[in-house]
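> There's a structure below that I have some questions on.
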Amino acid sequence: MMRYHVLACDYDGTLAHDGRLDDETAEALRRLRATGRRVVLVTGRILEDLQRVCPALELFDLVVAENGAVLYTPATRASTPLAGPPSPAFVDALRLRGVRDLGVGQVVVATRQPHAQTVLEVIRELGLELQVIFNKGAVMVLPSGLNKATGLLAALALLRLSPHNAVAVGDAENDHAMLAACECGAAVANALPALREHADLVTTGDHGAGVAELCERLRATDLAELAPRLARHDPPLGREVGTDAEVTLPSFGGALLVAGTSGGGKSTAVTGLAERFAERGYQVVIIDPEGDYTADERGVVLGEARRPPTVEEITQALARPDLDVVVNLFGQTLDSRPAFFAALLPHLLELRARTGRPHWIIVDEAHHLMPRDADGGAPAPDMSGFVLVTVHPEQVARSVIAAIDRIMVMGRTPSQAIAAFAAAGGDAAPPVDDGPLEAGEAYLWRRGDEAPPRRIRPARSQAERKRHTRKYADGELGPDKSFYFRGADGRLNLRAQNLRLFLQMGEGVDAATWFHHLRQRDFSTWAREAIKDEPLAWELAAIEADAASDGDPAASRAAVRQAVERRYTLPADA
């Protein structure tokens with residue numbers, strides 16, 4: 199899986215020396231594009247001036263001219279200004295004040311030192327909302343909010359690429375924002391000291407030779423050697439118990455298995471992790487077999503109880519780099535879900551190979567969607583950027599587990615999950631205390647580590663899970679998740695596919711049937727395994743333990759109703 203799919207280059211002082219792009223640098227750009235990567239030129243020059251000094255603009259997929267204010271497509275020769283034209287009154291006032299070397303573009307007004315003070319005075323006198331950007335000796339005037347970073351982001355949106363898959367290289371003051379907007383920022387050897395200080399990489403060569411050097415490193419290693427410098431992008435998993443040190447997940451190249459018993463907190467931790475991916479602008483797709491996940495303001499849910507999603511609509515939605523997607527498979531029959539996922543996965547991997555996205559693929563109920571009995575000995579796909587969630591890691595395809603480098607375990611029997619994970623990769627299991635973990639805690643272990651797993655407290659989700667809303671209260675759970683009032687001899691077969699029907703049927707069944715399920719502790723088991731609500735399960739278990747096993751069921755029925763209604767908002771007719 200390739201991390202960097204686009205190189206953004208400044209022109210003067212970076213690609214070009216004295217305004218000229220040499221043949222060796224041009225050939226390095228061609229070789230880089232032959233790998234499938236895109237190249238975007240980002241320059242302060244006015245477009246007409248750029249076309250005069252650099253006739254080989256076909257080297258670039260897109261050009262961002264006028265310091266972020268104009269997009270130009272060399273293949274079609276179409277240009278698009280990203281703001282309105284300069285104010286004629288402003289330009290006239292500068293000329294009246296004797297400002298020479300004045301360049302007027304589609305958006306930018308440019309001059310040189312020592313006219314900066316005059317420019318600022320005219321902006322103030324006319325009350326214009328303009329900004330002044332310096333580039334060595336150049337002085338550029340643009341509408342507020344426009345710079346090389348905003349122009350590059352517009353270009354990347356047009357190319358359907360993410361800044362997390364971009365490297366930018368520059369040399370001067372006006373390149374700071376562009377480098378900061380990308381996953382990795384580079385400076386050529388002749389760059390200003392302040393830019394070199396903040397860059398992730400400084401080339402040994404200057405000008406075009408430095409860019410050619412960067413191109414060759416991208417082709418050879420995809421800049422994997424810079425990963426330690428890019429740890430600022432790593433999302434936090436949580437805090438280590440005892441030291442309170444932050445524990446992170448690599449933003450690229452890592453994969454995580456989240457395992458443990460039902461009700462241990464897996465889903466809450468994974469929802470929180472997905473939120474932190476999205477906060478950092480990484481594209482996330484969640485494969486959600488049970489309809490448990492919701493989408494935030496930058497996401498969409500595809501599929502519902504009565505209409506499963508299609509592969510085509512999923513891939514169309516993911517074409518937008520800024521859109522996260524929850525794939526709700528609840529409308530698929532239970533048996534058809536693994537086949538649907540198997541059909542979808544190649545499309546996700548192809549999109550990744552082409553664009554680097556989606557950056558994270560979260561697969562819930564992984565033991566069902568990637569089962570061991572369907573493994574067939576085939577090698578697993580590249581699992582970088584996958585988060586698999588399962589109660590049964592031993593039932594996930596062995597090749598898939600072996601391709602994952604980290605496990606986070608929550609719940610009552612952590613040592614069993616870690617042992618299964620280690621065995622799948624041929625590793626010796628680390629020593630683990632087999633006692634249940636405290637609520638809200640987990641073990642984190644990286645494959646091959648000789649040290650015991652770290653005990654961490656995963657960061658929690660900022661949003662409530664959908665399980666606490668209408669899906670469980672008034673939705674339609676599948677046959678395998680529904681509660682069945684059957685009684686001791688199995689005479690009944692009353693299916694409650696949500697909590698509202700569960701309470702209604704519980705009020706109506708005979709006392710013998712009610713007490714049968716109470717004695718069997720079926721209510722708490724259903725809450726734990728189907729509703730996946732451990733606090734509710736504990737509350738129902740206490741009612742089951744304390745209630746009389748015969749006589750009038752009114753008290754226990756009322757207690758069960760109160761326990762459910764405290765945690766769920768049910769319709770008035772419940």
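Going by the working numbering, 650 is the number at position 452 of the sequence shown; the sequence numbering is gapless. Cβ atoms here follow ideal geometry from the backbone N, Cα and C, with glycine treated the same way.
Per the DSSP calculation, Pro279 is bridged to which residue(s)?
Position 81 of the sequence shown, counted from the first residue, corresponds to residue 279. Beta-bridge pairing links Pro279 to Val268.
> What does the Cβ neighbour count give for Glu444, buried or exposed, with the cut at 16 atoms within 10 Å?
Locating residue 444 in the sequence shown gives position 246, counting from the first residue. That one is exposed.
> Below 7 Å CB to CB, which residues in the same chain sit around His215 once its five sequence neighbours on both sides are set aside?
Counting from 1 along the sequence shown, the entry for residue 215 is found at position 17. So the list reads His405, Gly406, once near-sequence residues are dropped.
> Per DSSP, what are the beta-bridge partners of His215 in this structure?
Stepping through the sequence shown from its first residue, residue 215 is reached at position 17. His215 is bridged to Arg218.
> What does Arg693 pair with, by DSSP beta-bridge criteria?
To locate residue 693, count along the sequence shown from 1; it is residue 495. For Arg693, which the question treats as bridged, DSSP gives the partners Tyr682.
> With 16 other CB atoms within 10 Å as the buried threshold, where does Ala375 fall?
Here residue 375 refers to the residue found at position 177 when the sequence shown is read from its first residue. Answer is buried; the Cβ neighbour count reaches 16.
> With DSSP as the reference, identify every bridge partner of Gln329, one or two as the case may be.
Against the sequence shown, residue 329 aligns to sequence position 131. DSSP, once it has assigned bridges, lists Leu340 as partnering Gln329.
> With a CB to CB cut of under 7 Å and the five nearest residues on each side skipped, what residues in its chain are close to His313?
For the purposes of this step, residue 313 is taken as residue 115 along the sequence shown, with counting starting at 1. Same-chain partners within the cutoff: Val297, Val337.
> In its own chain, which residues sit with a C-beta less than 6 Å from the C-beta of Ala467, not counting the 5 before and 5 after it?
In the sequence shown, residue 467 corresponds to position 269, counting from 1. Excluding positions up to five away in sequence, the list reads Pro656.
> Cα separation between Ala686 and Thr711?
Here residue 686 corresponds to residue number 488 of the sequence shown, with the count starting at 1. Here residue 711 corresponds to residue number 513 of the sequence shown, with the count starting at 1. Looking at the two C-alpha atoms, the distance is approximately 7 Å.
> When you compare only the Cα positions, how much space is there between Pro579 and Val524?
Position 381 of the sequence shown, counting from 1, holds the residue named residue 579. Position 326 of the sequence shown, counting from 1, holds the residue named residue 524. Their backbone Cα atoms lie some 21 Å apart in a straight line.
> Report the CB separation of Pro506 from Gly529 in whole angstroms; it is logged as a contact under 8 Å.
Taking the sequence shown and counting its residues from 1, one reaches residue 506 at position 308. Taking the sequence shown and counting its residues from 1, one reaches residue 529 at position 331. Between Gly529 and Pro506 the Cβ distance is about 4 Å, and since that is below 8 Å, they are a contact.
> Do Tyr766 and Leu699 have their C-beta atoms closer together than 8 Å?
Here residue 766 is taken as the residue at index 568 of the sequence shown, counted from 1. Here residue 699 is taken as the residue at index 501 of the sequence shown, counted from 1. Taking 8 Å as the Cβ cut-off, Tyr766 and Leu699 do not qualify as a contacting pair.
> So, for Arg201: in the same chain, excluding its five sequence neighbours on each side, which residues have a beta-carbon less than 6 Å away from its beta-carbon?
As a working note, residue 201 is residue 3 in the sequence shown. So the qualifying residues of the chain are Asp420, Phe450.
> Pairs of beta-carbons, one from the segment 382–397 and one from the segment 355–368, closer than 8 Å: are there three or more?
They touch, by the three-pair rule.
> For Asp522, does the three-state DSSP call read helix, strand or coil?
Along the sequence shown, one-based indexing puts residue 522 at 324. It is a strand residue.
> By the DSSP assignment, the beta strand (DSSP E) with Ile741 in it spans what residues?
Counting from one through the sequence shown, the residue named residue 741 turns up at place 543. Where Ile741 is concerned, there is no enclosing beta strand (DSSP E), although the alpha helix (DSSP H) it sits in stretches over 732–744.
> Quick check: what's the CA-CA separation for Leu567 versus Ile484?
Counting from one through the sequence shown, the residue named residue 567 turns up at place 369. Counting from one through the sequence shown, the residue named residue 484 turns up at place 286. Approximately 13 Å between the Cα atoms of the pair.
> Report yes if the C-beta distance between Gly461 and Lys730 is below 8 Å; otherwise report no.
Indexing the sequence shown from 1 puts residue 461 at position 263. Indexing the sequence shown from 1 puts residue 730 at position 532. In this structure, Lys730 lies closer than 8 Å to Gly461 by Cβ.
> Would you list the residues sitting across from Tyr641 in a DSSP beta bridge?
Along the sequence shown, one-based indexing puts residue 641 at 443. The partner list for Tyr641 (beta bridge, DSSP) reads Val607, Arg653.
> Leaving out five residues on either side along the sequence, give the residues of the same chain with a beta carbon under 8 Å from the beta carbon of Asp647.
Numbered from its first residue, the sequence shown carries residue 647 at position 449. Only Pro628 meet the Cβ criterion.
> Could you compute how far the alpha carbon of Ala770 sits from the alpha carbon of Arg474?
The sequence position of residue 770 within the sequence shown is 572, counting from 1. The sequence position of residue 474 within the sequence shown is 276, counting from 1. Confidence in Ala770 is poor, its pLDDT being 45 and thus under 50, which makes the residue's placement unreliable; the coordinate value appears in the next sentence. Between Ala770 and Arg474, the C-alpha separation is close to 36 Å.
> Any idea which residues DSSP pairs Arg310 with across the strands?
The residue given as residue 310 occupies position 112 in the sequence shown. Its beta-bridge partners are Ala336.
> Could you tell me the alpha carbon to alpha carbon distance between Pro677 and Asn691, rounded to whole angstroms?
Reading the sequence shown from its first residue, position 479 is the one you call residue 677. Reading the sequence shown from its first residue, position 493 is the one you call residue 691. Their Cα atoms are separated by approximately 12 Å.
> Who are Ala467's beta bridge partners in DSSP?
Start at 1 with the first residue of the sequence shown, and residue 467 comes out as number 269. In the DSSP output, where bridge partners are listed per residue, Ala467 has none listed.
> Hey, out of Ala620, Arg644, Pro253, Arg759, whose CA is closest to Arg596's CA?
Taking the sequence shown and counting its residues from 1, the one referred to as residue 596 is at position 398. That would be Ala620, whose Cα lies nearest to the Cα of Arg596.
> Report yes if the CB atom of Asp544 is closer than 8 Å to the CB atom of Ala355, and no otherwise.
Indexing the sequence shown from 1 puts residue 544 at position 346. Indexing the sequence shown from 1 puts residue 355 at position 157. Here residue 544 is Pro; the residue named in the question, Asp, does not match the sequence. No, Cβ-Cβ distance for Pro544 and Ala355 is not below 8 Å.
> Flag this pair as touching only if the segment 326–342 and the segment 250–268 have three or more C-beta atom pairs under 8 Å; answer yes or no.
Judged by Cβ distances under 8 Å, the segment 326–342 makes contact with the segment 250–268, as three or more pairs qualify.
> When burial is assigned at 16 or more other CB atoms within 10 Å of the CB, is Phe332 buried or exposed?
Counting from 1 along the sequence shown, the entry for residue 332 is found at position 134. Exposed: under 16 other Cβ atoms inside 10 Å.
> With a threshold of 16 other CB atoms inside 10 Å of the CB of Glu742, please say whether the residue is buried or exposed.
Here residue 742 refers to the residue found at position 544 of the sequence shown. Answer is buried; the Cβ neighbour count reaches 16.
> Please confirm if the segment 204–223 is in contact with the segment 231–241, defined as three or more CB-CB distances below 8 Å between the two stretches.
The segment 204–223 vs the segment 231–241: in contact.
> Do Ile244 and Gly301 count as a contact pair if the criterion is CB distance below 8 Å?
On the sequence shown, residue 301 is found 103 positions in, with the first residue counted as 1. On the sequence shown, residue 244 is found 46 positions in, with the first residue counted as 1. Yes. Within cutoff.
> Leaving aside the five residues before and after Leu357 along the sequence, list all residues of the same chain whose C-beta is less than 8 Å from its C-beta, in chain order.
Against the sequence shown, residue 357 aligns to sequence position 159. Answer for Leu357: Val204, Arg236, Val238, Asp259, Leu260, listed in chain order.
> List the endpoints of the continuous beta strand (DSSP E) containing Thr588.
The sequence position of residue 588 within the sequence shown is 390, counting from 1. Unbroken beta strand (DSSP E) run through Thr588: 584–588.
> Should Leu675 go down as buried or exposed, given a rule of 16 or more other Cβ atoms within 10 Å for buried?
Here residue 675 corresponds to residue number 477 of the sequence shown, with the count starting at 1. Classification for Leu675: buried.
> Checking the sheet assignment: what are the DSSP bridge partners for Val386?
Taking the sequence shown and counting its residues from 1, one reaches residue 386 at position 188. In DSSP, Val386 forms no bridge with anything.
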